[in-house]
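There are 2 protein chains.
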Amino acid sequence: MANTFRQFLSAIAPISDEEYSDTMSFFSERALKKGDFFVEQDKVCRHIGFILKGTLRTYYINEKAEEITSCFCTENNLATSYKSFILQEPSNLIVQAVEDTKLLVIDYQSLQELYSRSAVWQTIGRAVAEREYIVMEQYASVLNNETAKEKYLRLLKEQPSVLQVVKIEDIASYLGVTRRTLSRIRKDLNN
Amino acid sequence: MANTFRQFLSAIAPISDEEYSDTMSFFSERALKKGDFFVEQDKVCRHIGFILKGTLRTYYINEKAEEITSCFCTENNLATSYKSFILQEPSNLIVQAVEDTKLLVIDYQSLQELYSRSAVWQTIGRAVAEREYIVMEQYASVLNNETAKEKYLRLLKEQPSVLQVVKIEDIASYLGVTRRTLSRIRKDLNN
DNA sequence: TGAATTTTGGGACATTTGTCCTTTCAGGCC
DNA sequence: GGCCTGAAAGGACAAATGTCCCAAAATTCA
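Which chain is which? The protein sequence lines are E and C, in order. With positions in the first sequence counted from 1, the corresponding number in the working numbering is that position plus 15. With positions in the second sequence counted from 1, the corresponding number in the working numbering is that position plus 15.
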């Protein structure tokens, strides 16, 4: 079951069987039903989750009370409100399951415990932060440089499954345009 | 001279006098003249620099051969092409001094050496990555949610000195609009 | 210093995107 | 099945932004 997680870790730092089974006692499985929240608004995010199955959407509410989607999280990736988790402060981001989802989760205290116990986990912790940075840099570069149409095509290519489970409105806010503009883009692409 | 750097580190992790002077032997000072490159395009970024004095601009060249500015780096902050540095792969970002600049730099090998020597530096390394992540997340959220005018006002408030040293064109690309639109925004703000 | 070059501001028009709205379609529920 | 509700597509007009341009201002360098 947790094999994909082992692969995920091994891609970051070599980890022995012993270290792996030791650390796995810090993790637990968690199931979410469609619509359940993994991180709630204004609550401190206490967990990082590795997505075994399912899809989550990360969004925030702007001052016009609109939901702005910032991320779709899919299988074999991490889900968290990372800033809230790092700083252990209330989250302005909301993370919600858009379909039934299974996660492997670890809480903040346990992760700190792992960091202090093991150099391997220090390395993993840094590598995860670096990796999240790179993902975010890529996201920002795309936001800044690509048109909504290009962004849509990229989503279609990189996370096609997302289109099947989320609402058009959420994709529009993810692309930084209105529903109306996304409608025009989609019409355009069907010639 | 390097006092501000000591403060920068202390804000991340407690560091003793001994640890500080030990590790300082890994750093060296570097001066850049206006227009000099700190990171060149398609070369591996081998250094992280702490800006003692001056300003740098981070940008890339898009497929229309336009310079797109992604970051202005000011005093008491870090400058690097972080992704290239982490992965030690060629940088698509260019980092250039927009005025005479002094940095405290460390190269990749030395930093790895510090990581392996000292738990404090493991923690600093992770904290820096986390911090860079948070900055980037904030940047992406701003890009996605604020209008060009709001972004301009934010820049004015958070990095007013930048306006004195960089070209309008670079600010426009940083805001994600054309020079023409930034001109309209500025006219608007002067009533 | 003065000529050449670069940078900036803004006019005129074209294009894109947003706003507001109506219609159609699909799924859930009695 | 028929009704209700929410999601999606797209028409019509308004607003924002881009493109192309030129003239004025600032800067650079011989």
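We treat Cβ as the ideally placed atom computed from N, Cα and C, and that holds for glycine. On a predicted model such as this, the values are computed, not experimentally measured, just so you know.
List the endpoints of the continuous beta strand (DSSP E) containing E/Leu110.
Here residue 110 of chain E is Val; the residue named in the question, Leu, does not match the sequence. Per DSSP, E/Val110 is one residue of the beta strand (DSSP E) stretching across 109-112.
How many whole angstroms separate the CB atoms of C/Ile109 and C/Ser188, which I take to be in contact at a CB cut-off of 8 Å?
The pair is not a contact, with the Cβ atoms about 13 Å apart (cut-off 8 Å).
Alpha helix (DSSP H) runs wholly inside the region 162-201 of chain C, at least 4 long, in chain order
Counting only runs of 4 or more, we get 163-173, 175-180, 183-190.
Got a sec? Which residues, its chain only, sit under 8 Å from C/Glu34 by beta carbon, not counting five neighbours each side?
These residues qualify, in order along the chain: Ser133, Val135.
Identify the continuous alpha helix (DSSP H) that holds C/Asp122 and give its terminal residues.
In this chain, C/Asp122 is not harboured by any alpha helix (DSSP H); it is covered by the beta strand (DSSP E) spanning 116-122.
Helix, strand or coil for C/Phe23? Go by DSSP, reduced to three states.
Correct three-state label for C/Phe23: helix.
Residue burial classification, C/Asp32 (beta-carbon count within 10 angstroms, cutoff 16):
With fewer than 16 Cβ atoms within 10 Å of its Cβ, C/Asp32 is classed as exposed.
Could you check which residue in E/Ala28, E/Val180, E/Ile183, E/Phe23 has the C-alpha nearest to that of E/Gly64?
Nearest option by C-alpha distance: E/Phe23.
Does any CB atom of chain E fall closer than 7 Å to the CB of C/Met16?
Per-residue confidence for C/Met16 stands at a pLDDT of 47, beneath the threshold of 50, marking its modelled position as unreliable; the derived number appears in the next sentence. False, the Cβ-Cβ gap to chain E never drops below 7 Å.
With burial defined as no fewer than 16 other Cβ atoms inside 10 Å of the residue's Cβ, what is the status of C/Leu171: buried or exposed?
Burial call: exposed.
Pair within 7 Å by beta-carbon distance, E/Ala112 and E/Asp51
For the 7 Å CB-CB criterion, E/Ala112 and E/Asp51 form a contact.
Close beta carbons around E/Cys60, own chain, < 7 Å, minus the five adjacent residues each side
Taking C-beta separations shorter than 7 Å and ignoring five residues to either side along the sequence, the partners of E/Cys60 in its chain run Val54, Thr95, Ser96, Ser99, Phe100, Ser106, following chain order.
Are there 16 or more other CB atoms within 10 angstroms of the CB of E/Ile139, so buried, or fewer, so exposed?
E/Ile139 is classed as buried because its beta carbon has at least 16 other beta carbons within 10 Å across all chains shown.
When C/Ala144, C/Thr193, C/Glu104, C/Ile200 are compared against C/Leu168, the one with the closest alpha-carbon
Looking at the Cα atoms, C/Ile200 is the closest of the given residues.
By the 10 Å Cβ neighbour count, where 16 or more other Cβ atoms means buried, how is E/Asp185 classified, buried or exposed?
Buried, because 16 or more other Cβ atoms sit within 10 Å of the Cβ of E/Asp185.
Let me confirm a value: C/Leu119 is counted as buried when at least 16 other C-beta atoms fall within 10 Å, else exposed. Which label applies?
Around the CB of C/Leu119, 16 or more other CB atoms lie within 10 Å, so the residue is classed as buried.
In three-state DSSP terms, what is C/Lys98?
Helix at C/Lys98.
As assigned by DSSP and simplified to three states, the class of E/Arg45:
If DSSP states are grouped into helix, strand and coil, E/Arg45 belongs with the strands.
DSSP has C/Lys68 in a bridge; who is on the other side?
Its beta-bridge partners are C/Lys117.
List the residues of chain C whose Cβ lies closer than 7 Å to the Cβ of E/Gln174, in chain order.
Under the 7 Å cutoff, chain C gives no residues; its nearest Cβ is about 17 Å from E/Gln174.
Relative to the alpha-carbon of E/Gln56, which residue among E/Ser40, E/Gly69, E/Ile76, E/Ile66 has its alpha-carbon at the smallest distance?
Answer by Cα proximity: E/Ile76.
Short CB-CB distance (under 7 Å) between E/Asn91 and chain C:
Closer than 7 Å: no.
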